[in-house]
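One structure is given here, and the rest of the page talks about it.
In our numbering, the protein residues as written are 15 to 174.
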C-alpha cells in the first residue's frame with residue numbers, strides 16, 4: 015500500500031545480491047530481505063539465478079533487480095548520505111568509493127556504478143544560510159574538494 019512509503023529499485027547486471035550484501039555491510043539499520051529467482055519463464059536470467067533481492071540500507075527500502083546490461087547507472091540519480099561529523103564523512107567516503115571512483119564535491123561512484131553524495135549535515139545548513147557571502151564562500155570551498163572537509167568548509171563559511 016502507498017502509505018508504506020517507497021521502495022527504490024536498482025537495476026543490476028547479475029550482481030544485485032552482491033550489491034545488497036555490500037550496502038548492508040556499510041550502513042547501520044540494514045538487513046537482507048526476500049530473494050526471488052528466475053524460473054526460466056521470464057526473459058533476462060537463467061533459471062535458478064537471482065532475479066530480485068530486497069534489502070534495507072539505513073532503513074531505506076530497496077530492490078536489486080538483475081535485469082541485464084541494457085541499463086546502467088548515471089549521476090542523474092544519486093543518494094545523499096547525511097553525516098553528523100568528519101568521522102562519518104570519512105567512513106562513508108572510504109567505504110562507498112572502495113573499488114569505485116572518487117568524484118568532486120563530495121560525490122563518489124561505488125563499485126557497482128551507483129552515485130552517492132557524502133554530505134556533512136552542517137554543510138547543508140551553511141548553503142541554506144541567510145548570509146549570501148558566507149554561502150558563497152562555503153560553496154566555493156566545496157567546489158574545490160573531493161571528499162568534503164568540515165573544518166575547511168566551516169573556515170570558509172566563517173571567512174577565516
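Even for Gly, the Cβ is constructed at its ideal location relative to N, Cα and C.
Please state the DSSP three-state secondary structure of residue i.
| i | result |
| --- | --- |
| residue 108 | helix |
| residue 35 | helix |
| residue 140 | helix |
| residue 49 | strand |
| residue 169 | helix |
| residue 86 | coil |
| residue 116 | strand |
| residue 122 | strand |
| residue 71 | strand |
| residue 103 | helix |
| residue 157 | helix |
| residue 17 | helix |
| residue 128 | coil |
| residue 134 | strand |
Residue i and residue j: beta carbons closer than 8 Å?
| i | j | result |
| --- | --- | --- |
| residue 33 | residue 79 | no |
| residue 131 | residue 92 | yes |
| residue 71 | residue 41 | yes |
| residue 22 | residue 84 | no |
| residue 155 | residue 141 | no |
| residue 116 | residue 125 | no |
| residue 161 | residue 120 | yes |
Please work out which residues of its chain come closer than 6 Å, Cβ to Cβ, to residue i, disregarding the five sequence neighbours upstream and downstream, and give them in chain order.
| i | result |
| --- | --- |
| residue 87 | 127, 128 |
| residue 148 | 171 |
| residue 37 | 71 |
| residue 167 | 137, 152, 155 |
| residue 123 | 114, 115, 129 |
| residue 43 | 72, 73 |
Can you give me the Cβ contacts of residue i inside the same chain, cut-off strictly under 7 Å, excluding the 5 residues immediately before and after it?
| i | result |
| --- | --- |
| residue 82 | 27, 58 |
| residue 109 | 40 |
| residue 94 | 131, 133 |
Cutting at 8 Å between CB atoms, please list the residues of its own chain near residue i, excluding the five before and the five after it.
| i | result |
| --- | --- |
| residue 76 | 21, 22, 23, 24, 34, 37, 68, 69, 70 |
| residue 118 | 157, 159, 160 |
| residue 164 | 99, 100, 103, 134, 136, 137 |
Touch check for the segment 132-145 and the segment 82-98: three-plus C-beta pairs under 8 Å? The segment 132-145 is in contact with the segment 82-98.
How about the segment 103-115 and the segment 50-70: do they share at least three Cβ pairs that are nearer than 8 Å? Not touching, per the Cβ criterion.
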